[in-house]
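Student: Chains as they are written, first to last, in my numbering: chain U, 4 to 590; chain B, 1285 to 1410; chain S, 8 to 240.
Sharing a structure with you now.
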Amino acid sequence: MTKTEVFTEHVDVLIAGSGAAGMRAAIAAHDAGAKVVLLAKGPRRANHTRMSGGRYNAVSGFNPADSTDAFFRDTVDSGVGINNYPLTRILADEAMDRAYDLESYGLAWDRTEIKKYYMSMTGGGTFVRTLGSIDEGIGITEVMLHQLHKRGIRICDFHMLADVVQDDSGRVTGGLALDLSKGAWRYFSAGAVVIATGGTSQLYETSSGPAINTGDGIAIALRAGAELVDIEFMQFIPISFVYPPSARGYTLIEPAHYGMRHFDPKAEPAHLLNTKGERFVLKHDPVRREGSTRDILARAIMLEILEGRGTPEGGVLMHPDPQVFDAFLKERPIYIKRLLENYGEGHARLQEPIQVTPSALYTLGGVRIDPWCRCNVPGLLVSGEAAGGVHGANRLGGSSMPDIQVFGRRAGIAAAEDAREYAGGGAAQLDKARARAAALEACMQRNDGVRPPDIKKRIQKLMWDHVGLVRSGAKLTETLAAFRSLREHVLPTVKVTNKSRVLNREWMEFLELENLLDIGEAMAASSLQRPETRGAHYRTDFPALDSNWTANLIVRRHAGQLQVEKKAVVTLEKAVPAREKIAGAIA
Amino acid sequence: MSKATLPRNTTRQAEGLQYGDVARTLHRFSGAAIIVFVLVHVIVQAVRQVPMFAALNAGAPWLQTMQEQNWIHAILFFCIAFHTLYGLKLLAGELGFTIRYQTAFWGIVGVSALFGLREVLRYAGI
Amino acid sequence: MPTDIKMRAEIRRYDPSVDAEPHYETFEVAGQDNWRVLDVIRSIYERQAGDLAYQFACRVGRCGTCAVKVNGVPVLACQERCKPEMKIEPLTPFPVLRDLVVDRSEIEARYEQHAYAPQRKTEYAGGPEPIDPLLAEDLCHKGSCLACMVCVSGCPAVEERAFDGPAFMLKLRHMAEHPADSGNRLEQAIDAGMLECFGCDLCTQLCPADLSPAQAIRDFRRDMIFGGSKKHE
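Rendered as structure tokens:
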């Protein structure tokens, strides 16, 4: 049998993920002197940051009532106390500096005066602090791409990270990537690998993220021995488009933005009504009403739909306040455009009720990291949505943008440092890379079997129904058994329609299937171990908050088995000092 | 209620008239037509002076037939008007006067068509 | 309420590594009238042609990577509404990797060459840059260019002349208007073939982000004639 061809090259820092976390890491690592290669699973602009509304929480000083302490407190409150406090503190402290970095890259934050930023409110926060720019995530990703171009950082499009390779001590020595545009394997031996591959929204039937976010990086880290934290927490956006099919699940942000609460934390948000005309959210959060946090809203809507008070398309109705239209049009013209194109003119003018449904948005958990994005596997760093702990049990709207900038930069600095100190690597682990590549060719050899898209849909339905907004011990156990069966009996029978190596979507989906199953299992197993409802995690059999469970669940894979362990929350007093960066490191 | 203009609905791009394509093609065609006409006109007028081709002065039949077709004149005048007006629109744009391409297109085609129509009417004696 | 409809999609299939030349394959698809072309393509991949190569990611008109030609017109597949008869082809004039996916290497090389990061005369001082709020708005509008290449594909001047394309001119204008940029963007634009623009506004019509590269070019040409901004001196 011929050996699988694997092309090899050496870099200092290999980054997987072309969103803002990956790009910011690339900038920081490059500026620290490292030779960087960035892998993008598809064309480089295909990432979750691109789709974001670009709202950016930071303490700019323009609201004298606000402070980094308040931002920190809001994040921990929203996270229901299980955040990794040191990480949250860093987010609050460094967010504004990173916003200025973006300004220096050419992003023009919205202003009310030539040097005064425009700020808006976000659901769940206490003070008005959210910055934004009309070009949203598009603007952010474009200015960052041009910074990569400026530095001559190589970006490899259509390169999907398939796995990391480790030496016998467990130290990561590089990354194995599949060049999907050619069907060729590449092994990048590297001093450090940064995973910034985003979240797991594609695990769910209805999601807001891009097609490529199948949790690849998190699964790769898990397989490499990394610890996951809070993986049972998945944030669902309460309102999203209901149709057309391509737009279904795409976020419509929060009802707070569609009412006067957009400007004033005490004013009215848009109302949510079921088919009986009832404002059902008042049952769940009578104080903040539809201005509540995403977890409460999403759950409220999902329950209405499950209990039969939703529309035939599976949604509820949001009644916006037309008074907000002018401001909304000015700040978020792209959203108005989509409302016009998907729903109609009356809806775009916020004069008619808008049909909405919840959707999987953001992976709150992820790989457990320290303040410099290092995880327990040496040589492996993780930042952005793929990492866990910053936001706890529920994320504030507008906090993902600063997260990816703050921790993207930290990952880059730390990765450059790790690469400098690492003497091993090279072609030593090429055989391991080859073996893994050969295993991932399995589906290309089979002539009979099941197609990957069919299995993907099954997984997505199981996750949406049982490991989604509404969970129970019985269903979680059932789902774990179903996953086991899929893994043992169905995965080995996967085949592709055509053996062409060029842009073989089924082959890519085959690689994704293992990642989806790994994360799905981790989420279900971890959720089963948490007998309470907290933030985004809702168990019908344990609907109350349990203060004994102000703790994190750590998931690890050992000898093929998932281990779930309860650990105390990392508070500021208990924080173990992270490895400080070497003095003189720039960026 | 706010009367602010909504962003465009760009979900039917492949269905409508591709204005720029049509305008450019018309501009090119009309430019070619003008050149052909001017060439024919200049050559015929020059050649008429040469004694050998004196027959043209008497009005060669083919020339007569051509001059009787109202549509040739109509198209010709449409071409001259369209080419000129569209060219002026392009020039105006460069000097800072931006006009919506839809308005410009239909306005210019309309006015040019009037010039063409005028020829048809003139032939009909109106 | 959307209604059920039947559609026919003719898709250009071509694998340069095995096919001598491209061929068209026709598919009958049952769907609904509010579907987008992307929904049709995905339905074909899921039920009829598992080896179809196509590109998409965000499916809501933000990443710009799904651009194709439908009935001869460049559009975003995820935005363009489905039609009873559709001819779906890869975006011209880019080299085809397979079926509907094109090679964007030259596009990215052009982005890199044009250097769209602000070229500062003095270091960034920290804090908010002094930018007029209305100018900031305009900069952001230009900043929302998706780099989808629909305008470049539709541009008749790109087809016939040595012209980089409308999208690149728009980004040059973005930089020209940015107070922190001191590059001679007008000269760059002329070098990139800006003067070849026919002024036809097809790019303005086709742009899925409601931008007007043609207007950016007109602004540059006006500066060229009347002297315009002297930021770069």
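The C-beta atom is built at its ideal place from N, Cα and C for all residues, glycine as well.
What you are looking at is a predicted structure, and each value in this text was computed from that prediction instead of being measured.
(1) Any beta carbon from chain S within less than 8 Å of residue 586 of chain U's own beta carbon?
(2) Kindly list the residues whose CB is nearer than 8 Å to the CB of residue 127 of chain S, restricted to its own chain and excluding five residues on each side of it in sequence; keep chain order.
(3) Less than 7 Å between C-beta atoms, sequence neighbours within five positions excluded: which residues of the same chain meet that for residue 327 of chain U?
(4) Measure how close the beta-carbons of residue 238 of chain U and residue 398 of chain U come, nearest whole angstrom, since I'm counting them as under 8 Å.
(5) Pull out every residue of the segment 1353 to 1381 of chain B whose Cβ sits closer than 7 Å to any Cβ of chain S, in chain order.
(6) With DSSP run on the structure shown, which of helix, strand or coil describes residue 224 of chain S?
(7) Of all Cβ atoms in chain U, is any one closer than 8 Å to the Cβ of residue 1323 of chain B?
(8) Could you check where the beta strand (DSSP E) with residue 41 of chain U kicks off and where it finishes?
(9) Identify every residue that forms a DSSP beta bridge with residue 362 of chain U.
(10) Any contact of the segment 420 to 436 of chain U with the segment 185 to 194 of chain U, i.e. 3+ C-beta pairs under 8 Å?
(11) Got a sec, what are the start and stop residues for the beta strand (DSSP E) residue 277 of chain U sits in?
(12) For the 8 Å Cβ check, are there 3 or more pairs between the segment 51 to 66 of chain U and the segment 398 to 416 of chain U?
(13) Which residues bound the beta strand (DSSP E) around residue 11 of chain U?
(14) When you compare only the Cα positions, how much space is there between residue 494 of chain U and residue 117 of chain U?
(15) How would you list, in chain order, the residues of chain B whose beta-carbon sits under 8 Å from the beta-carbon of residue 95 of chain S?
(16) At the 8 Å Cβ level, is residue 1298 of chain B part of the contact set with chain U, yes or no?
(17) Does the Cβ of residue 89 of chain U have 16 or more other Cβ atoms within 10 Å, making it buried, or fewer, making it exposed?
(18) Got a sec? Which residues, its chain only, sit under 6 Å from residue 84 of chain U by beta carbon, not counting five neighbours each side?
(19) Is the CB-CB distance between residue 193 of chain S and residue 231 of chain S below 8 Å?
(20) Does the segment 70 to 84 of chain S touch the segment 59 to 72 of chain U, meaning 3 or more C-beta pairs lie closer than 8 Å?
(21) For residue 154 of chain S, count neighbouring C-beta atoms within 10 Å of its own C-beta (all shown protein chains included) and say buried if the count is 16 or more, exposed if not.
(22) Using a cut-off of 9 Å between C-beta atoms, extract the partners of residue 1316 of chain B located in chain S.
(23) Taking just the CA atoms, how far does residue 52 of chain S sit from residue 75 of chain S?
(24) What residues from chain S crowd round residue 1304 of chain B, counting only those whose CB sits closer than 7 Å?
(25) Classify residue 1393 of chain B as helix, strand or coil using the three-state DSSP reduction.
(26) Tell me whether residue 394 of chain U is buried or exposed, calling it buried when 16 or more other Cβ atoms sit within 10 Å of its Cβ.
(27) Return the CA-CA distance between residue 43 of chain U and residue 161 of chain U, expressed in angstroms with no decimal places.
(28) Hey, out of U/346, U/92 and U/389, whose CA is closest to residue 1295 of chain B's CA?
(29) How many Å lie between residue 411 of chain U and residue 26 of chain U at the Cα?
(30) Could you tell me which uninterrupted beta strand (DSSP E) segments, each at least 3 residues in length, are contained entirely in the segment 102 to 129 of chain S, listed from first to last along the chain?
(31) State yes or no: is the beta carbon of residue 120 of chain S nearer than 8 Å to at least one beta carbon in chain B?
(32) Is the Cβ of residue 340 of chain U closer than 8 Å to any Cβ of chain B?
(33) So if DSSP puts residue 74 of chain S in a beta bridge, which residue, or which two residues, is it bridged to?
(34) Could you confirm whether any beta carbon from chain B is found closer than 8 Å to the beta carbon of residue 225 of chain S?
(35) Should residue 100 of chain S be flagged as near chain B, meaning a C-beta pair shorter than 8 Å?
(36) Starting from the C-beta of residue 30 of chain S, find all residues in its chain whose C-beta is less than 7 Å away, skip the five residues before and the five after it, and write them out in chain order.
Tutor: From the atom records:
(1) In the first sequence, the residue the question calls residue 586 of chain U occupies position 583. Only weak support is given to the placement of residue 586 of chain U: the predicted model assigns it a pLDDT of 38, under 50, and the question is left unresolved by the model.
(2) As a position in the third sequence, residue 127 of chain S is number 120, starting the count at 1. Same-chain partners within the cutoff: 187, 188 and 189.
(3) Here residue 327 of chain U refers to the residue found at position 324 when the first sequence is read from its first residue. Answer for residue 327 of chain U: 261, 262, 263, 265 and 353, listed in chain order.
(4) For the purposes of this step, residue 238 of chain U is taken as residue 235 along the first sequence, with counting starting at 1. For the purposes of this step, residue 398 of chain U is taken as residue 395 along the first sequence, with counting starting at 1. With a Cβ gap of about 6 Å, residue 238 of chain U and residue 398 of chain U count as contacting.
(5) 1374, 1377, 1378, 1379 and 1380
(6) In the third sequence, the residue the question calls residue 224 of chain S occupies position 217. Helix, per DSSP.
(7) Position 39 of the second sequence holds residue 1323 of chain B. False, the Cβ-Cβ gap to chain U never drops below 8 Å.
(8) The residue given as residue 41 of chain U occupies position 38 in the first sequence. Taken as a continuous stretch (DSSP letters only), the beta strand (DSSP E) holding residue 41 of chain U covers 39 to 42.
(9) Locating residue 362 of chain U in the first sequence gives position 359, counting from the first residue. U/240.
(10) yes
(11) Numbered from its first residue, the first sequence carries residue 277 of chain U at position 274. From DSSP, residue 277 of chain U is part of no beta strand (DSSP E); its letter is neither H nor E.
(12) yes
(13) For this step, residue 11 of chain U is matched to residue 8 along the first sequence. Looking at the DSSP string, the run of the beta strand (DSSP E) that includes residue 11 of chain U is 9 to 19.
(14) In the first sequence, the residue the question calls residue 494 of chain U occupies position 491. In the first sequence, the residue the question calls residue 117 of chain U occupies position 114. So the two alpha carbons sit approximately 58 Å from each other.
(15) For the purposes of this step, residue 95 of chain S is taken as the residue at position 88 of the third sequence. Those within 8 Å of residue 95 of chain S in chain B number zero; the least Cβ separation is about 10 Å.
(16) Within the second sequence, the letter at position 14 stands for residue 1298 of chain B. No, its Cβ sits nowhere closer than 8 Å to a Cβ of chain U.
(17) On the first sequence, residue 89 of chain U is found 86 positions in, with the first residue counted as 1. Its Cβ being crowded by 16 or more others within 10 Å, residue 89 of chain U is buried.
(18) By 1-based counting over the first sequence, the position of residue 84 of chain U is 81. 553, listed in sequence order.
(19) To locate residue 193 of chain S, count along the third sequence from 1; it is residue 186. To locate residue 231 of chain S, count along the third sequence from 1; it is residue 224. Their beta carbons are under 8 Å apart, which means residue 193 of chain S touches residue 231 of chain S by this criterion.
(20) no
(21) Sequence index remark: in the third sequence, residue 154 of chain S carries index 147 (1-based). Per the 10 Å Cβ criterion, buried.
(22) Mapped onto the second sequence, residue 1316 of chain B falls at position 32. Under the 9 Å cutoff, chain S gives no residues; its nearest Cβ is about 15 Å from residue 1316 of chain B.
(23) Your numbering for residue 75 of chain S matches position 68 in the third sequence. Your numbering for residue 52 of chain S matches position 45 in the third sequence. Taking the straight line joining both Cα atoms gives about 16 Å.
(24) Residue 1304 of chain B sits at position 20 when you count from the first residue of the second sequence. Within 7 Å Cβ-Cβ: 207, 208, 209 and 212.
(25) In the second sequence, residue 1393 of chain B corresponds to position 109, counting from 1. In the structure shown, residue 1393 of chain B sits in a helix (DSSP, three-state: H, G or I).
(26) Here residue 394 of chain U refers to the residue found at position 391 of the first sequence. Burial call: buried.
(27) Counted from its first residue, the first sequence places residue 43 of chain U at position 40. Counted from its first residue, the first sequence places residue 161 of chain U at position 158. If I take the Cα positions, the gap works out to 6 Å.
(28) In the second sequence, counting from the first residue as 1, residue 1295 of chain B sits at position 11. Residue U/346 is the option with its Cα nearest to residue 1295 of chain B.
(29) In the first sequence, residue 411 of chain U corresponds to position 408, counting from 1. In the first sequence, residue 26 of chain U corresponds to position 23, counting from 1. About 7 Å.
(30) Unbroken beta strand (DSSP E) runs of no fewer than 3 residues, entirely contained in the segment 102 to 129 of chain S, are found at 103 to 105, following chain order.
(31) As a working note, residue 120 of chain S is residue 113 in the third sequence. At least 8 Å separates the CB of residue 120 of chain S from every CB of chain B.
(32) Taking the first sequence and counting its residues from 1, the one referred to as residue 340 of chain U is at position 337. Interface residue, yes.
(33) Position 67 of the third sequence holds residue 74 of chain S. DSSP, once it has assigned bridges, lists S/83 as partnering residue 74 of chain S.
(34) One-based indexing of the third sequence puts residue 225 of chain S at position 218. At least one chain B Cβ lies under 8 Å of residue 225 of chain S.
(35) Position 93 of the third sequence, counted from the start, is the residue given in the question as residue 100 of chain S. Not one beta carbon of chain B lies nearer than 8 Å to the beta carbon of residue 100 of chain S.
(36) For the purposes of this step, residue 30 of chain S is taken as residue 23 along the third sequence, with counting starting at 1. Excluding positions up to five away in sequence, the list reads 20.
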